[in-house]
Each structure stands twice: as C-alpha cells, then as structure tokens.
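The sequence shown maps to residues 52 to 525 in this note's numbering.
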Amino acid sequence: MRTDLWEFFERFSRHEIEILTQAYPRDTDGQLPVLNTEPATFHQLCVGLAMYRNEFPLVNLPASMTDGLGDFSLDAIALMLGPDPVFSADEAEELLDAATDRTLRILFVQAKRWEKVDEKEVIDFGVKVTRFLTYSAADIEKQLSIGVEDRAQEAAENVLQYWRAYDALRTSATKVQVTAVYAFSGDYTAPPGVTAAIAEFEHNVKSRIAGADARMLIYGADELLAIGREADTDVTRRFEDMHLVELPTTTGASKAYIGYVGAQSLVDAIRPKHVADTADTKLPDARLFFDNPRAFIDPERDRNIGVASLRKTLAHASLHDRVILGHNGLLIAGDRVALSGTTLEVHGTQILNGLQSCHALFEFDGRLDGVSVPLKVFATHDEALKDALILASNTQQAFGEYDMLSRKRELRNLQPDFEINTVRSSQLWLRLKPAEPPRGIHSRNLTPRQLLDGFIASYLGQPHTVHTGAERGR
Numbered sequence: 052m053r054t055d056l057w058e059f060f061e062r063f064s065r066h067e068i069e070i071l072t073q074a075y076p077r078d079t080d081g082q083l084p085v086l087n088t089e090p091a092t093f094h095q096l097c098v099g100l101a102m103y104r105n106e107f108p109l110v111n112l113p114a115s116m117t118d119g120l121g122d123f124s125l126d127a128i129a130l131m132l133g134p135d136p137v138f139s140a141d142e143a144e145e146l147l148d149a150a151t152d153r154t155l156r157i158l159f160v161q162a163k164r165w166e167k168v169d170e171k172e173v174i175d176f177g178v179k180v181t182r183f184l185t186y187s188a189a190d191i192e193k194q195l196s197i198g199v200e201d202r203a204q205e206a207a208e209n210v211l212q213y214w215r216a217y218d219a220l221r222t223s224a225t226k227v228q229v230t231a232v233y234a235f236s237g238d239y240t241a242p243p244g245v246t247a248a249i250a251e252f253e254h255n256v257k258s259r260i261a262g263a264d265a266r267m268l269i270y271g272a273d274e275l276l277a278i279g280r281e282a283d284t285d286v287t288r289r290f291e292d293m294h295l296v297e298l299p300t301t302t303g304a305s306k307a308y309i310g311y312v313g314a315q316s317l318v319d320a321i322r323p324k325h326v327a328d329t330a331d332t333k334l335p336d337a338r339l340f341f342d343n344p345r346a347f348i349d350p351e352r353d354r355n356i357g358v359a360s361l362r363k364t365l366a367h368a369s370l371h372d373r374v375i376l377g378h379n380g381l382l383i384a385g386d387r388v389a390l391s392g393t394t395l396e397v398h399g400t401q402i403l404n405g406l407q408s409c410h411a412l413f414e415f416d417g418r419l420d421g422v423s424v425p426l427k428v429f430a431t432h433d434e435a436l437k438d439a440l441i442l443a444s445n446t447q448q449a450f451g452e453y454d455m456l457s458r459k460r461e462l463r464n465l466q467p468d469f470e471i472n473t474v475r476s477s478q479l480w481l482r483l484k485p486a487e488p489p490r491g492i493h494s495r496n497l498t499p500r501q502l503l504d505g506f507i508a509s510y511l512g513q514p515h516t517v518h519t520g521a522e523r524g525r
C-alpha cells in the first residue's frame, strides 16, 4: 500500500471513520453500548468513502457491510428509495406506500488491498452485481448456499436480506440507478482490459433491466485520498467570536487553548452542514459528538442540574445581554487547529464535553447575544491524553484558590485574561450541585479561569487534586 494512503488509513481507522459514519449505536434506555474499539478495516474505509462520495447515508454503513464473504464476495450493498435507506422487504413495502420519489438507488462495493487492479476481478465483480440484479429468489438462495459456512453464513444472509428488499422495490420503482465501486490500494491507470470490462458491465445491466442506469467506478489510492480529504472537510469547523489564550506546548498535543466563545457563534459553527445529516436541522451535528460520553443517551433530558439551570437562566430574556456561563465549558478536540485573530479552524472536530449544554443552547438559537461559553481546545492524536482531558472536564467538584494557573510559573501570565473583571458577580451564572449548601453570592461565583483549571492540569500531566483519576493513561 502506498505510504500516503497507509498514513491516511491509520488516521482514518481510529478517528474519521467514526465521525463520518456515526458508527456507534444509541441506546434509548440511556445505557452505554459496548463499543467496538477495533480499528476499521481497509474494506470499511473504502465502503465509507464510496458511500460518502455517492451520497448514501453513512450512518447506516455497519448494516451495509457484507464482509466480502460467500459466493458473492461483495463488501457492501446499500439501497435507497428516494431519500430513504432500505434494509428489508418489510421496510421497502412501508416506504412504497408513502413514497413520492420512487427512484431506486443501489450501491455495490468491492475492495482489495492489492497494488494493481485485476481485470479478472473487475469482470467477476460485474458478473456478481449483475446476478444480484437479475436472479430470481431460487437462484439467489442456491448461489448463496454454495460453500457457505461459519462467518460466510452471516454475510450470505445479509446479501439475501438486501436482495429481498431490492426484489420488493424493483417492479414499483420508476427508475433504477446502479453504482458499482471497485476500490484498491494502488495507482489506477485505466488499462484497456479494465475499461472494456466496465463498458461490458454497464451495457449488460442496461440491456437486462429496462430503464436502468448503470456505472462502475474504480477508486485507486489517489481517488480514495481525494474523497477522504473532501469527507474530512465536513467535520472541519470554523468558530468565530473566539477569545483564547494559547497554553505552553506539552507532549501529546500540538496546540491547546483556553478561553471563551460567543454562544451564538458556537451554535452557528456546529449546525449540520447538510439537511440529510439529521432529521432536524435545529439540532447540533451528531457527527461532532461521537466520542462524547453523553452522546449515547438522550441529550435533551435534564440529566444534571447544570443543564436545567442553564435552560432556566437563558429563559430570562433580561439576562441575554449580559450573562456569562460559568460552568465547566466545552471541550473541543481536533487533529489540527489554527487560530487567526478571533477565528479558530478545527480539523476533525470532536466536542468531547458539553453535548447537553449544546442542545440547550440550540433551544435559544437567535437569542444568545452577549452569552459566552468557557472553552477548552486542543489538537492531538494521543488517545490517552484525550481520555484524561474528558475525565478532567467532567468534574463537578469546586476549585480552591491555589489552582494550576497560579501554581505554574509559565501559566501565571495567562491569569489576567481569565479574571474577566468587567463581569459583575451578579451577572455570572454557575452550575451548582443539588446538595451544595447555600453560600455567599461572591463565593459561589467562580471565574472561567478557575473552571478551566482541571483541563490545564491534565493537559500538563499534573492533575489537580480535585481531579482524582484524571491522570494521563487512565
């Protein structure tokens, strides 16, 4: 595999593919699912990029994988009726009843980690796709039963499930669009034999299925890298109205900042970029929260007193022009970050803490002038550092006066930037634990400087005393 493609695959396998596909399921009971922490395979990478480029819903990638096993040896099959993905014959019938757009789109993907495209493999891929599209139920079941055992059985059943859905739709569809993608790891030079195989496949499908459009695409290393760069821009976000101070560089992160952001600018930056990304464009883009502990529960529930208090505070219109949110703030991670003035660009954006707060802010979209949110930003590929910072950012404990900003000489110069002396204590909102006893108003008003201390401590590898268990590597 080419070095540049291998490096991209290594990065993609742990990071972008999870954002790109929203691969982790949501449990409606509020329990964290058992996460698959295995790196993505090259086949998954190719399938994800093929689905992205051909505008198939990436959230459904896991269900589309057929593992390249069994006689059909297809790595993925995906169906859509109009704008809706289809997974079964039952779903197909339900969608047909209500469909206004009866265009049937089908995507087939075959991926090989070979350096060269194989003419025979491309021909074989075209034959298998054509069989899927033209066989009867008996033919499909017979073909899938040949040599099927162990893991191949599950793949065969998956192929059969998609064929039944296709069979339920093909006679009622007003148009059939077939896309077959063959991906490999080397350079594609369009050899004559492969070009002829592509033309033959497209001709066969069009001649055997009335009114069908068919195309076969070959993705080599250059094509995969180009699609990957395009896909990465969808989780690259530009945040305006940033007021940040850079932290000293430490091992494991290339950049880190602390500060605050205008709440309306934050909401604008994390909207879905495409309507199809979410059923409701009034919600944050779910792809930005894939590694957030609360992304697997209902983000709109008042699961902590802070979010309930935040909603209550924002509901008072008289506060909108002056309130500063003094809670734990948002934790944003990226592969790369670049700050220019008050604009921050984050590549590979992940919001690791603050999901429920973001949902609360979206409820007041357009009414957030003057509201600011504390912010912690860092760029890293270090998963241990990322985990430590998530722990540090989720603390609910109070800070003492002897915090990291005061304690670390190289950070002492940052302290004035986070006093925010222009904000009167009566204008500062603070998350309090339900059991916390009432105290004087001034002692209750912690500054964003204090609230960001745990992040700084963990970032520098010297956890604050109130962040037990937030050490790097745990």
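All C-beta atoms in this analysis are idealised placements derived from N, C-alpha and C, irrespective of residue type, glycine included.
For the alpha helix (DSSP H) that contains residue i, what are its first and last residues?
| i | result |
| --- | --- |
| N404 | N404 -> not in any alpha helix (DSSP H); beta strand (DSSP E) instead, spanning Q401 to N404. |
| L103 | In the sequence as presented, Leu is not what sits at residue 103; that position holds Tyr. Residues F93 to R104. |
| V168 | From DSSP, V168 is part of no alpha helix (DSSP H); its letter is neither H nor E. |
| A143 | A140 to A149 |
Considering residue i, what are the terminal residues of the beta strand (DSSP E) in which it resides?
| i | result |
| --- | --- |
| I309 | K306 to G313 |
| D135 | D135 to V137 |
| H294 | M293 to E297 |
| G380 | No beta strand (DSSP E) contains G380, which DSSP labels as neither H nor E. |
| P425 | S423 to A430 |
| L268 | A263 to Y270 |
| I128 | A127 to L132 |
| F107 | From DSSP, F107 is part of no beta strand (DSSP E); its letter is neither H nor E. |
| R387 | R387 to S391 |
| T287 | No beta strand (DSSP E) holds T287; DSSP gives it neither H nor E. |
| H398 | T394 to H398 |
Would you tell me roughly how many angstroms separate the C-alpha atoms of residue i and residue j, rounded to the nearest one?
| i | j | result |
| --- | --- | --- |
| A529 | V180 | Lying before the first or after the last residue shown, residue 529 is absent from the chain, which here runs from 52 to 525. |
| F290 | V229 | 39 Å |
| S391 | L426 | 16 Å |
| T431 | L442 | 16 Å |
| M267 | E251 | 10 Å |
| W214 | G385 | 40 Å |
| A188 | K226 | 21 Å |
| D336 | R322 | 5 Å |
| L339 | S115 | 22 Å |
| R490 | G99 | Since pLDDT at R490 reaches only 48, below the 50 mark, its modelled position is unreliable, and no value is offered. |
| R153 | Q212 | 20 Å |
| R104 | L440 | 34 Å |
| A143 | G313 | 45 Å |
| P299 | G417 | 36 Å |
| I174 | G237 | 18 Å |
| D190 | A149 | 31 Å |
| L146 | S139 | 11 Å |
| P76 | S305 | Note that P76 has pLDDT 36, beneath the 50 cutoff, so the model's placement of it is unreliable and the number below is only indicative. Those two C-alpha atoms are separated by around 31 Å. |
| A216 | D141 | 8 Å |
| V424 | V358 | 13 Å |
| F413 | I507 | 28 Å |
| V245 | E170 | 5 Å |
| A248 | E208 | 28 Å |
| P84 | D292 | Bear in mind that a pLDDT of 34 at P84, under 50, signals an unreliable position, so the model cannot answer this. |
| L436 | Q315 | 29 Å |
| I27 | L130 | As displayed, the chain neither begins before 52 nor continues past 525, which places residue 27 out of reach and without an answer. |
| F24 | G133 | Nothing in the structure corresponds to residue 24, since the chain is present only between 52 and 525. |
| V397 | H410 | 20 Å |
Any beta carbon of chain D sitting closer than 9 Å to that of residue i?
| i | result |
| --- | --- |
| A143 | Absent here is chain D; the protein component of the structure consists of one chain. |
Am I right that residue i and residue j are in contact with their C-beta atoms under 8 Å? What's the rounded C-beta distance?
| i | j | result |
| --- | --- | --- |
| A231 | G271 | The Cβ separation is near 15 Å, so there is no contact. |
| L125 | F159 | 6 Å |
| L406 | L295 | No, L406 and L295 are not in contact; Cβ-Cβ is about 21 Å, not under 8 Å. |
| A162 | A224 | With a Cβ gap of about 27 Å, A162 and A224 do not count as contacting. |
| C97 | L220 | 25 Å between Cβ atoms; not a contact. |
| L334 | S408 | 13 Å between Cβ atoms; not a contact. |
| V318 | L419 | 7 Å |
| T400 | R259 | Contact doesn't hold; Cβ gap of about 45 Å is too wide. |
Do three or more CB pairs link the stretch 269–283 to the stretch 250–258 at distances below 8 Å? no
Which runs of the beta strand (DSSP E) at least 3 residues long sit entirely within the stretch 218–251? Give them in chain order. 226–235
Could you say if the stretch 378–396 and the stretch 301–318 meet the contact criterion of at least three C-beta pairs nearer than 8 Å? Because the criterion of three Cβ pairs below 8 Å is met, the stretch 378–396 and the stretch 301–318 touch.
If you pair each beta-carbon of the stretch 181–194 with each one of the stretch 257–267, do three or more pairs fall below 8 Å? yes
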